[in-house]
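Numbering (the working numbering), first residue to last: 159 to 338.
Structure below.
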């Protein structure tokens, strides 16, 4: 009975898993499910996984819904921004283009500094960008390009903010008396 399924998914979105494939392809039923629990996004039909509205709702209630999204939706900036604001590590599932987007990466860093690991390698080599991110967290130092790890401006900025992040510095930095 469709009404019974709709009541069930409205109370527990995960029950969408047990619904018929027809109801897993019914937008309103799926919308009720993901509003209750973003994990229900896993069980929506492949066709409805491309629905940006459903994914956006799912991201509101389950941080990693983006992980289950088709590749094209991982490139929707507004959805990815929402995902990384809620859980920075969602950056891992963003498209390469958005892993290179300064604002998206900053939002991820503001949430979880270690999400910088998933930033595009070019950003990890961009001195100006790195300098703008260090005040958010010096913990990103561990993920920097090796050339930036020995850059005096980067090292001095990290020292001013939180020297403990230099525990991951190359020996040439740790042994340099200039920084003592």
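Glycine is no exception: its CB is placed at the ideal position from the N, C-alpha and C atoms.
Taking a cut-off of 8 Å for Cβ pairs, the stretch 216 to 233 and the stretch 257 to 271 do not touch, as fewer than three such pairs fall below it.
With a cutoff of 7 Å on beta-carbon distance, residue 247 and residue 214 are scored as not near each other. The C-beta distance from residue 289 to residue 315 rounds to 6 Å, short enough to fall under 8 Å. Residue environment for residue 209: buried (at least 16 other C-beta atoms within 10 angstroms of its C-beta). Residue 259 carries a coil assignment under DSSP once its states are collapsed to helix, strand and coil. Burial check for residue 162: the Cβ neighbour count within 10 Å stays below 16, so the residue is exposed.
Collapsing the DSSP output to three states places residue 302 in coil. By the Cβ-count criterion, residue 311 is exposed, with fewer than 16 other Cβ atoms from all chains shown falling within 10 Å of its own Cβ. Under the 10 Å beta carbon count, residue 244 is surrounded by 16 or more other beta carbons and is classified as buried. Sequence-distant Cβ neighbours of residue 187 in its own chain, meaning closer than 8 Å and more than five residues away, are 160, 163, 164, 167, 174, 177, 181. Per DSSP, the unbroken alpha helix (DSSP H) holding residue 215 starts and ends at 210 to 219. Residue ranges of uninterrupted alpha helix (DSSP H) with 4 or more members, entirely inside the stretch 160 to 213 and ordered along the chain, are 160 to 169, 179 to 182, 185 to 194. Cβ-Cβ separation between residue 207 and residue 191: approximately 13 Å, too far for a contact (criterion under 8 Å). Non-local C-beta neighbours of residue 297 in its own chain, meaning closer than 7 Å and more than five positions away in sequence, comprise 271, 272, 323, ordered along the chain. Contact annotation, residue 266 with residue 249: C-beta distance approximately 4 Å; criterion of less than 8 Å satisfied.
Residue 320 and residue 185 have their C-alpha atoms roughly 49 Å apart. For residue 270, there is no enclosing alpha helix (DSSP H), as DSSP gives it neither H nor E. If the five residues before and after residue 205 are omitted, its C-beta is found closer than 7 Å to the C-beta atoms of 183, all from its own chain and listed in chain order.
Counting along the chain, the unbroken alpha helix (DSSP H) around residue 330 starts and ends at 329 to 332.
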